[in-house]
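Chemist: Those protein sequences? They're chains A and B, same order as listed.
Numbering-wise (my numbering), the first sequence opens with residue 1 and increments by one.
Numbering-wise (my numbering), the second sequence opens with residue 536 and increments by one.
There's a structure below that I have some questions on.
There are 2 protein chains.
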Amino acid sequence: MSNQALEMSGAQLLGDTESRNGRDTFTAVDPCDAKALAPQFHAATAEEVERALELAAAAHPAFEALGRERRAQFLEAIAAEIEALGAPLLERANAETGLPLGRLEGERGRTTGQLRLFARTVRAGDYLGLRIDHGDPKRSPLPKPDVRSMAHALGPVVVFGASNFPLAFSVAGGDTAAALAAGCPVVVKGHPNHPGTSELVGRAIVRAARSTGMPAGVFSLVQGPAPEVGEMLVQHPATRAVAFTGSLRGGRALFDLAQRRPVPIPVFAEMGSVNPVFLLPASVAADPVAHGRALAASVTQGVGQFCTNPGLIVLRADGAGEALLASLAEALSAVPEAPLLHAGIKRGFEGGLARLAARERVKVHVEAKAEGPCHARGALLSIPAQSFLDEPVAHEEVFGPSTLAVLCSDERELLAVAASLAGQLTATLHAATDDRELVQALIPMLAQRAGRVLFGGYPTGVEVCDAMVHGGPYPATTDSRSTSVGTNAIQRFVRPVAYQNFPEELLPAELRDGSGCTALRLTDGVYDARREDRV
Amino acid sequence: MSNQALEMSGAQLLGDTESRNGRDTFTAVDPCDAKALAPQFHAATAEEVERALELAAAAHPAFEALGRERRAQFLEAIAAEIEALGAPLLERANAETGLPLGRLEGERGRTTGQLRLFARTVRAGDYLGLRIDHGDPKRSPLPKPDVRSMAHALGPVVVFGASNFPLAFSVAGGDTAAALAAGCPVVVKGHPNHPGTSELVGRAIVRAARSTGMPAGVFSLVQGPAPEVGEMLVQHPATRAVAFTGSLRGGRALFDLAQRRPVPIPVFAEMGSVNPVFLLPASVAADPVAHGRALAASVTQGVGQFCTNPGLIVLRADGAGEALLASLAEALSAVPEAPLLHAGIKRGFEGGLARLAARERVKVHVEAKAEGPCHARGALLSIPAQSFLDEPVAHEEVFGPSTLAVLCSDERELLAVAASLAGQLTATLHAATDDRELVQALIPMLAQRAGRVLFGGYPTGVEVCDAMVHGGPYPATTDSRSTSVGTNAIQRFVRPVAYQNFPEELLPAELRDGSGCTALRLTDGVYDARREDRV
């Protein structure tokens, strides 16, 4: 690896140029000791934001016209360039986020895996939604036109890097991979808490764009801690869609801004949720201690900073339930304190728990108190079901390693808790044979309120696959009709275009009758692709 | 047909009950003579709106649980009940809209055809987007979960009836058919200019719901001329999506309202466009007179009240171009005046043309003046390309039978006009062999700006089929990623839900391995449905 590969200049990466015009600078901070990390990063100016989107708008037609095979090669080249950064990328990410190297290595594998999965998705072309209805000039009373449709790229997409996934949901993360796969140029707003990681990965993308002959402007990275940089990106007339992973407050602010534009644009904001886990009586009674231990592991995984962290558990207030809480409390107490991503998350976590603990009838079983500057420990609180139903604050996400137990006196209360839930990324059921009746009542209720329903297990750890839905009704996301993880995420960045009565030679290749197109295609009401040969 | 079938009581239809609590009443007006038509209709009260959405929310789980076959039967029963209304439905629609009986007969056929097409779509089940990724408990380092996903209904949908399609995009129109097909209960806000048509069709739906055993609340119809009725519907917490066809102003107002809700919801507003027709030099030169005549027929079809009306034609200011304009002007002048849908449209049409005519360098070739109270004639105006580029008002839709010719001095200007266009439902190219180079430059530009690109012909007359895209970038619609015509419209009203590690018997039937499911299904990366037997 060349030294150039590990350069961090603190610049904006604007297409294949760099720019350092901003006077305001900022640094990353190591959450383990709260000390600043070199180098200084420049905050993007209005002109630099403007330039990034001008370049992206100019690149859009050329990028889409290069075709699917070239885009797939670009995605694969990004994966290879990220791998070529080697251990120093992980070390920088570790210094900026406090996440352990082992976790970051896994996250890098997920990141490059996502890029390669989208390369396969683009090559297969099924996402294009090809449809052909042949015409019939002899139809009476009116001739039937020949109509054919396929997906086109929306245009420039603004991606906001997430703090909790410095690789897999940041500069070259899932949103960027899906948007590039669709044929959309991407402008990333790096998360201000890991600017070095962002720049290293950004440079890897720029190198990949150069080596695969992409148009300048297919990718830019702008940085800056002030909200204005993000606001300018969302408001720029060339921006066609926004992808965001973060807090409800941040996501809603960007959503509102985007909807008030003269030309509104879609915002795919994944804003987290409390991810309720329903622990049904027979299942709890079978082994309350094991349940408590497994929950503690899930609640504290990644210091509770997964958007699918189980922040709410719903169970019956009986003897087995008490045993479960005791086991959970014991297991949580045994987990050592660990650094959160940054001081802001610690403030939010402690503030959220304090607000909750101040409510009447909320009981604190295990406190979150930790000594390190950005550190936290797993916390457990409980609330009676009736109080939960009456108390809006108990429904809000507390981001970090805590969970709130909702104690139900009977099944009626348990169902009322389910009915009261807002939109969720996930909802989980733990049930044994004797819980069957309750399970059958709960499944449709949870399917109405969540993007993913789990039977057993825990929602943390989102599999990247075709069938995954990482989404859900508001406030989990701003668009429940899409997913941010898995191959279906590409659908967020395309729109269908129909071609009517076109001569064969002027049609996009995929829509020509004799093109030998192997992508899934609906022709005159019948899917004509045989897929057995294409796994 | 029973007399009951033709009853118009002026009531709100709330599930299978009716309600007439509103003190405010209104009537339809015959646009041919501006006279009021009996009976009086009651405007819905806040309580009636509340009741409609309470019923819809309560009906949602039961309606979806009935399954696809029962929903298909309901859609077919609606079609049959509409046909059973016979000629009196057409006569009432004719009195309320001034649209000729022949056109309304065709529109009724499209309406029942849409309902039956969606019944087939629901039965086939391909729209469910079934995906199965089998688990692998032995995968290292982490076991692979079993993940399966499919579409679920969003919940209650509010549909606004359109004035210009009193049957095909009104109470039982495309939006209602698509939403019911998806499993969403529907509350229709009838268009205040055809309340009698709305009530007759609404009662047909209620009868169909009863005869097929649908849950009460699967359908309601509320009426009223004041914007407040629609606003309450959009703001009600139970509403999950909104479908609208109408003006930019009306659509944007509902969109804004929906996005400002505590829980924002998708609004699918189809707001029309100017539908540019590019008449390229060699094509015009080949037969300018035929072009002029064909354009006149398209511009005045349905008194210019199609959302795909060609409101803008772009051509070169040469001899052939002048001959085309002369032929178009002559043909337009020969078309007799005809009633618009209501006096408001006449005011808007005349006001829009006056605003345009007042601009410097706009030339009026044929005036719209008509004598009837709601009547209009075809109008033709022209503007030089450079003025068009400088003049925002020239880009705005004038709803009615008029077109604006943009006169280009060369190909560079013609491409600049294309590049300046806002989002459109359609864009059309008329080209001959010698226009090839210009065509190849224009196609990707138009595909970026429109939902449907036509080669030859005219955009009026939207084929209802699988491949149709009736949509396009803002301001044509508020969601370019969807269509309001054709089978793909069902996708607007569903969202995917994933089931993780579910026991086979608790999964929805379509996601079970051994279910014999014939719908398109992606299993472990391969589509496993063979469709040859299912045309």
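The beta carbon of each residue, even a glycine, is placed where N, CA and C say it ideally should be.
Predicted model only: the values in this text are computed from it and were never measured.
Check each residue of the stretch 987 to 1006 of chain B: if its Cβ is closer than 9 Å to any Cβ of chain A, include it; give the result in chain order.
Modeler: Answer set for the stretch 987 to 1006 of chain B: 987, 988, 989, 990, 991, 992, 994, 996, 998, 1000, 1001, 1002, 1003, 1004, 1005, 1006.
Chemist: So residue 15(A) and residue 216(A) are in contact, right, with Cβ under 8 Å, and what is the actual spacing, rounded?
Modeler: Taking the first residue of the first sequence as position 1, residue 15(A) is located at position 15. Taking the first residue of the first sequence as position 1, residue 216(A) is located at position 216. Contact flag correct, Cβ pair sits at about 4 Å.
Chemist: Considering just the uninterrupted stretch of the beta strand (DSSP E) at residue 223(A), what are its terminal residues?
Modeler: Locating residue 223(A) in the first sequence gives position 223, where the first residue counts as 1. Unbroken run through residue 223(A): none, as it is neither H nor E.
Chemist: Taking 8 Å as the cut-off, does the CB of residue 357(A) come closer than this to any heavy atom belonging to the ligand HEM?
Modeler: As far as ligands go, the structure on display features none, and thus does not contain the ligand HEM.
Chemist: Let's see if you can read the secondary structure: which residues bound the alpha helix (DSSP H) around residue 881(B)?
Modeler: Here residue 881(B) refers to the residue found at position 346 of the second sequence. Run containing residue 881(B): 878 to 892, per the alpha helix (DSSP H) assignment.
Chemist: Determine the extent of the alpha helix (DSSP H) in which residue 90(A) is found, giving its start and end residues.
Modeler: As a position in the first sequence, residue 90(A) is number 90, starting the count at 1. From DSSP, the alpha helix (DSSP H) with residue 90(A) extends over 86 to 97.
Chemist: Which runs of the alpha helix (DSSP H) fall wholly inside the stretch 428 to 483 of chain A and span at least 4 residues, in chain order?
Modeler: Counting only runs of 4 or more, we get 436 to 449.
Chemist: Is any beta-carbon of chain A found at less than 9 Å from that of residue 728(B)?
Modeler: As a first step, residue 728(B) is located in the second sequence; it is residue number 193 there, counting from the start. Output row for residue 728(B): interface = no.
Chemist: Can you give me, in chain order, the residues of the stretch 131 to 154 of chain A that have a beta carbon less than 7 Å from any beta carbon in chain B?
Modeler: Listed by position, the residues of the stretch 131 to 154 of chain A near chain B (Cβ gap below 7 Å) are 131, 132, 133, 142, 144, 145, 147, 148, 149, 152.
Chemist: If we count the other Cβ atoms within 10 Å of its Cβ and call it buried at 16 or more, is residue 944(B) buried or exposed?
Modeler: The residue given as residue 944(B) occupies position 409 in the second sequence. The residue in question, residue 944(B), is exposed, as its Cβ has fewer than 16 Cβ neighbours within 10 Å.
Chemist: May I ask you to list the residues that DSSP assigns as paired with residue 150(A)?
Modeler: Reading the first sequence from its first residue, position 150 is the one you call residue 150(A). DSSP lists 497(A) as partners of residue 150(A).
Chemist: Straight-line CA distance for residue 198(A) to residue 100(A)?
Modeler: Position 198 of the first sequence, counting from 1, holds the residue named residue 198(A). Position 100 of the first sequence, counting from 1, holds the residue named residue 100(A). Spanning the two alpha carbons is a distance of roughly 17 Å.
Chemist: Would you say residue 490(A) lies against chain B (beta-carbon separation less than 9 Å)?
Modeler: As a first step, residue 490(A) must be located in the first sequence, where it is residue number 490. No, because no Cβ of chain B sits closer than 9 Å to the Cβ of residue 490(A).
Chemist: In chain A, which residues lie with their C-beta within 9 Å of the C-beta of residue 1013(B)?
Modeler: Your numbering for residue 1013(B) matches position 478 in the second sequence. Chain A residues near residue 1013(B): 264.
Chemist: What do you reckon, are the CB atoms on residue 973(B) and residue 989(B) nearer than 9 Å?
Modeler: Numbered from 1 along the second sequence, position 438 holds the residue referred to as residue 973(B). Numbered from 1 along the second sequence, position 454 holds the residue referred to as residue 989(B). Their beta carbons are not under 9 Å apart, which means residue 973(B) does not touch residue 989(B) by this criterion.
Chemist: When you compare the CB of residue 448(A) with every CB in chain B, is at least one pair closer than 9 Å?
Modeler: Within the first sequence, numbered from 1, the residue matching residue 448(A) stands at position 448. Closer than 9 Å: yes.
Chemist: Compute the distance between the beta-carbons of residue 552(A) and residue 160(A), then report whether it is under 9 Å.
Modeler: No information on residue 552(A) is available, as it lies outside the stretch 1 to 535 that chain A covers here.
Chemist: What does residue 662(B) reach in chain A if we use C-beta pairs closer than 9 Å?
Modeler: As a working note, residue 662(B) is residue 127 in the second sequence. Neighbours of residue 662(B) on chain A: none; closest Cβ ~11 Å, over 9 Å.
Chemist: Using alpha carbons as the reference points, say which of 847(B), 975(B), 1010(B) lies closest to residue 939(B).
Modeler: Taking the second sequence and counting its residues from 1, the one referred to as residue 939(B) is at position 404. Checked all of 847(B), 975(B), 1010(B); the closest Cα to residue 939(B) is 847(B).
Chemist: From the DSSP secondary-structure annotation, give me the bridge partner or partners of residue 848(B).
Modeler: If you number the second sequence from 1, residue 848(B) lands on position 313. For residue 848(B), which the question treats as bridged, DSSP gives the partners 812(B), 940(B).
Chemist: Once you ignore the five residues that flank residue 978(B) on each side, which residues in its own chain have a CB closer than 8 Å to its CB?
Modeler: Your numbering for residue 978(B) matches position 443 in the second sequence. 964, 988, listed in sequence order.
Chemist: Is any beta-carbon of chain B found at less than 9 Å from that of residue 520(A)?
Modeler: Position 520 of the first sequence holds residue 520(A). Taking Cβ atoms only, chain B reaches closer than 9 Å to residue 520(A), which makes this a yes.
Chemist: Does the beta-carbon of residue 22(A) have 16 or more other beta-carbons within 10 angstroms, so that it is buried, or is it exposed?
Modeler: Here residue 22(A) is taken as the residue at index 22 of the first sequence, counted from 1. When all chains shown are included, residue 22(A) counts as buried.
Chemist: Among 395(A), 13(A), 402(A), 426(A), whose alpha-carbon lies nearest the alpha-carbon of residue 420(A)?
Modeler: For this step, residue 420(A) is matched to residue 420 along the first sequence. Minimum Cα distance to residue 420(A) is reached at 395(A).
Chemist: Figure out for me which residue from 900(B), 785(B), 839(B), 589(B) has the closest Cα to the Cα of residue 996(B).
Modeler: The residue you call residue 996(B) lines up with position 461 of the second sequence. Residue 996(B) has its Cα closest to that of 839(B), out of 900(B), 785(B), 839(B), 589(B).
Chemist: Got a sec: is the Cβ-Cβ distance from residue 980(B) to anything in chain A below 9 Å?
Modeler: Here residue 980(B) is taken as the residue at index 445 of the second sequence, counted from 1. Closer than 9 Å: yes.
Chemist: Mind pulling the chain A residues with CB within less than 7 Å of residue 778(B)?
Modeler: To locate residue 778(B), count along the second sequence from 1; it is residue 243. Residues of chain A passing the Cβ test: none, with the nearest at roughly 14 Å.
Chemist: Below 8 Å between beta carbons is the criterion; list the residues of the stretch 1029 to 1054 of chain B that meet it against any residue of chain A, in chain order.
Modeler: Listed by position along the chain: 1029, 1030, 1031, 1032, 1033, 1034, 1035, 1036, 1037, 1038, 1041.
Chemist: Around the C-beta of residue 724(B), are 16 or more other C-beta atoms found within 10 angstroms, so that it is buried, or is it exposed?
Modeler: Looking up residue 724(B) in the second sequence gives position 189. Residue 724(B) should be labelled buried.
Chemist: Could you check whether the Cβ of residue 260(A) sits closer than 9 Å to any Cβ belonging to chain B?
Modeler: Position 260 of the first sequence holds residue 260(A). It does: the Cβ of residue 260(A) has a partner Cβ on chain B nearer than 9 Å.
Chemist: Quick test of the definition: if touching needs 3 or more C-beta pairs under 8 Å, does the stretch 470 to 485 of chain A touch the stretch 321 to 329 of chain A?
Modeler: No: the two stretches stay apart, fewer than three of their Cβ pairs being nearer than 8 Å.
Chemist: At a Cβ threshold of 9 Å, is residue 785(B) touching chain A?
Modeler: As a position in the second sequence, residue 785(B) is number 250, starting the count at 1. Residue 785(B) does not count as touching chain A.
Chemist: Where does residue 723(B) fall in DSSP's three states?
Modeler: In the second sequence, the residue the question calls residue 723(B) occupies position 188. Strand at residue 723(B).
Chemist: If we define contact as Cβ-Cβ less than 9 Å, is residue 111(A) a contact residue for chain B?
Modeler: Along the first sequence, read from residue 1 onward, the residue named residue 111(A) stands at position 111. Chain B, which has no Cβ nearer than 9 Å to the Cβ of residue 111(A), makes this no.
Chemist: Tell me the rounded alpha-carbon separation between residue 877(B) and residue 600(B).
Modeler: Here the question's residue 877(B) lines up with position 342 in the second sequence. Here the question's residue 600(B) lines up with position 65 in the second sequence. Computed Cα separation, rounded: 42 Å.
Chemist: If I measure Cβ to Cβ from residue 212(A) and keep anything under 8 Å in the same chain, skipping five residues before and after, which residues do I get?
Modeler: To locate residue 212(A), count along the first sequence from 1; it is residue 212. Excluding residues within five positions, the ones whose Cβ falls inside 8 Å are 70, 73, 74, 77.
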